[in-house]
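Read through the structure below, which is laid out as structure tokens, and then see the notes.
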Amino acid sequence: MAAQKLTKGRLAQIIILMVVLITAFVWRTITYDQTSREKETALTCQLSTVGCLDENSNEKLGISFVSEALKSDMPIIIQIDNNHVKPTAVVEGVSMYMGSVPVIFTKNGTGWQGEFMVPACMHDKMEWVIKINKDGKTTNALFTVEK
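Numbering (the UniProt record's numbering), first residue to last: 1 to 147.
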């Protein structure tokens, strides 16, 4: 197909279309609201081997690490005290997105034990969040893994 001559009419159409697209882009960028519903309804806590302390109420939740050292490319085991319903969870990077890692749960005497591994990163320490769904409630537990 041969190139067509650029007329004043076509140039005006291109300019008008570009103005509309740039205006829509700028408007969407300015009016974007980054809050999400999950953050409003989910509990957030700092997870460690001694437990998970809720950031809002300082209440200890029934979630803790069984693994002493949290290192990348090594199995990490988490304990959830819940005898009724099997929880579901995924692990995602906070400081850098590295995909979602599923947590595999097995039942034990006091609740559920989950196992997962996080990939190595170029940073020495990386912050992660495990998003746990149990009994219809979401808990976001933050933790740090070393290289």
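Every residue, glycine too, gets a C-beta built ideally from N, C-alpha and C.
- With respect to V101, V85 sits apart: the two C-beta atoms are not nearer than 8 Å.
- Note that the C-beta distance between S72 and V118 is below 8 Å.
- A straight line joining the alpha-carbon of K125 with that of V26 spans about 36 Å.
- For K8, the enclosing alpha helix (DSSP H) has its first and last residue at 8 to 31.
- In the assembly as shown, V103 is a buried residue. Its beta-carbon has 16 or more other beta-carbons within 10 Å.
- Counting other Cβ atoms within 10 Å of its Cβ, G111 reaches 16 or more and is therefore classed as buried.
- Residues of the same chain with a CB within less than 6 Å of the CB of Q79, apart from the 5 flanking positions on each side, are S64, V66, Q113 in chain order.
- For A141, the enclosing beta strand (DSSP E) has its first and last residue at 137 to 146.
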